[in-house]
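Scroll down for the structure; my scribbles are underneath it.
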Amino acid sequence: MEYKANDPLLKSWIAVAENSDFPIQNIPFGIIAYQDNIVPATRIGDTVVDLSVLADFGYFDDLGIEDLSPFYEPALNSLIGLGKKARIALRERLSELFADHCELLQGNQEAKRLAFHPLHEVEVLMPVVVGDYTDFYSSIEHATNVGIMFRDPANALLPNWRHLPVGYHGRSSSIVVSGTDIHRPKGQTRPDDTKPPVFGPSNQLDFELEIAFVTSGRTDLGSPIPVDEAEDHIFGLVLFNDLSARDIQKWEYVPLGPFLSKNFGSVISPWIVTLEALEPFRVEGPIQEPAVLPYLAQQGKRNYDISLEVHLQPLHAPPSLVCRSNFKYMYWSVAQQLAHQTVNGCNINPGDMYGSGTISGPTPDSFGSMLELAWKGTRPLKMSDGTERIFINDHDRIIMTGWAEKGNYRIGFGSCETVILPAKN
Ligand code: CA
């Protein structure tokens with residue numbers, strides 16, 4: 006489907022720096038706090054726009070949205086829950102209001118004064134209350150690397166892997182927004198297989214480079230979502246750093262999977278970029294062999310071409326690029342993940358989050374975790390200050406960025422950042 010808001014020739018009367026992640030073609034959604042307000046907002050360049058003010062001035066009165074109360078709530082769940090049709094109408098309207106040829110908002114000094122704020126004058130909060138969270142494991146390169154390191158190089162992928170998007174239900178309470186720092190977790194590990202386990206701060210703290218999708222629909226228990234309708238139930242995407250404690254994970258994960266090694270903090274980028282904004286960046290997914298079962302067989306281009314980078318920044322030193330990957334490598338698409346999640350009748354709600362799993366590419370510099378980049382500690386990475394890393398040190402900042410690029414504009418996510426603080430006593 007073509008959207009007017011995606012016209013690459015559109016220009017805004019609002020200042021947007023060249024190479025900004027947030028040109029007029031993006032129009033992401035988030036939650037901002039300023040003065041006494043916590044409200045839904047969008048971002049263009051380095052300006053945030055309070056959507057509740059635009060609702061006050063009647064700019065959304067004719068969008069077919071009967072109840073405008075979601076524009077005044079401190080989380081996006083209700084706004085997201087309005088569904089795809091409303092989201093498209095809203096994004097198209099904002100694009101129109103921001104376009105340089107349109108006077109409707111450009112000429113309204115009072116609305117602009119109340120609604121527009123420089124990014125640095127507001128706080129950007131968690132965009133949604135995450136009801137449920139699923140973590141998939143959908144990069145064939147990542148699953149293969151982990152299989153080689155921890156099991157059997159000859160049988161790196163388990164027999165189910167090419168037949169279904171492997172996943173587990175994670176914890177939603179510890180998903181936090183970029184800028185939230187995370188304490189190193191403590192837990193049980195067993196560094197020496199011949200001795201009993203020990204307790205203490207994790208020595209193998211890792212990031213996982215992921216993208217998460219946010220669902221917009223509410224389905225009834227017992228009603229699967231067909232794969233070719235799955236994207237209609239997805240609002241958009243965020244960057245997702247699924248922090249992991251490898252030593253805790255190794256000791257705890259058999260037989261039921263990761264538990265305390267994954268639920269002490271996962272960090273997201275604050276602006277949800279809609280699937281509509283990413284539509285021009287669709288690409289074919291990898292060939293799936295053997296053919297998937299019919300309920301997972303998706304027509305058309307399954308994947309999105311989104312460049313991803315991870316930088317590690319030691320305290321008092323410049324950031325070092327440690328990983329360059331791309332969302333297009335994913336073996337299982339977001340639509341296949343959601344179809345699989347619901348095929349048994351599991352219901353979904355607006356604001357639920359689904360991590361892709363670590364996004365590793367085919368080359369060693371595209372691996373999406375320290376575990377793989379430093380290959381289980383055997384290939385230390387050099388930082389800008391000359392120190393080396395095989396995992397994350399205390400006070401290191403992890404910076405993830407992602408963007409899709411075409412011709413003269415790019416659609417980006419901004420950054421997803423967190424600093425690892427020492428374990429709490
Ligand atoms: Ca993960």
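Counted from 1, the sequence shown has number 428 at position 423 by our numbering; the numbering is strictly sequential. Note that beta-carbon positions come from the ideal geometry of N, C-alpha and C, so glycine has one too.
When C-alpha distances from Phe141 are compared across Gln342, Leu261 and Glu23, the shortest belongs to Gln342. In the DSSP secondary-structure assignment, Met388 is not bridged to any residue. Contact between the region 347–357 and the region 219–239 is present: 3 or more CB-CB pairs across the two stretches fall below 8 Å.
Residue pairing by DSSP places Pro123 opposite Thr52 in a beta bridge.
The Cβ-Cβ distance between Ile32 and Asp55 does not fall below 8 Å.
The beta carbon of Ala161 is closer than 7 Å to those of Thr149, Gly152 and Ile153 in its chain, skipping five residues each way along the sequence. Under DSSP, Thr139 forms a beta bridge with His174 and Tyr359.
Where Lys16 is concerned, there is no enclosing alpha helix (DSSP H), because DSSP gives it neither an H nor an E.
With a cut-off of 7 Å, the C-beta of Thr199 is classified as distant from ligand 1, since no heavy atom of the ligand falls inside that distance.
The beta carbons of Ser83 and Tyr334 sit no closer together than 8 Å. Glu213 sits close to Asp247, with the two beta carbons spaced by under 8 Å. Under the three-pair Cβ rule at 8 Å, the region 63–74 does not count as touching the region 15–23. Distance from the CA atom of Gln318 to the CA atom of His122, rounded to whole angstroms, is 29 Å.
Ranking Leu283, Gly50, Asp51 and Phe34 by CA distance to the CA of Ser57 puts Phe34 first. According to the DSSP assignment, Glu257 belongs to the alpha helix (DSSP H) that extends over Arg251 to Glu257. When the beta-carbon positions are compared, Leu386 and Val327 come within less than 8 Å of each other. Non-local C-beta neighbours of Ala10 in its own chain, meaning closer than 6 Å and more than five positions away in sequence, comprise Arg96, Glu97 and Ser100, ordered along the chain. For the pair Val272 and Ser183, the CB atoms are nearer than the 8 Å cut-off. In this structure, the straight-line span from the alpha carbon of Gly86 to that of Ser228 is close to 17 Å. DSSP, reduced to helix, strand and coil, places Glu101 within a helical segment of the structure shown. Rounded to whole angstroms, the separation of the alpha carbons of Gln114 and Ala340 is 43 Å. Here Met405 carries a strand assignment [DSSP, helix/strand/coil].
Contact between Asp51 and Leu124 holds, with the beta-carbon distance rounding to 5 Å and staying under 8 Å.
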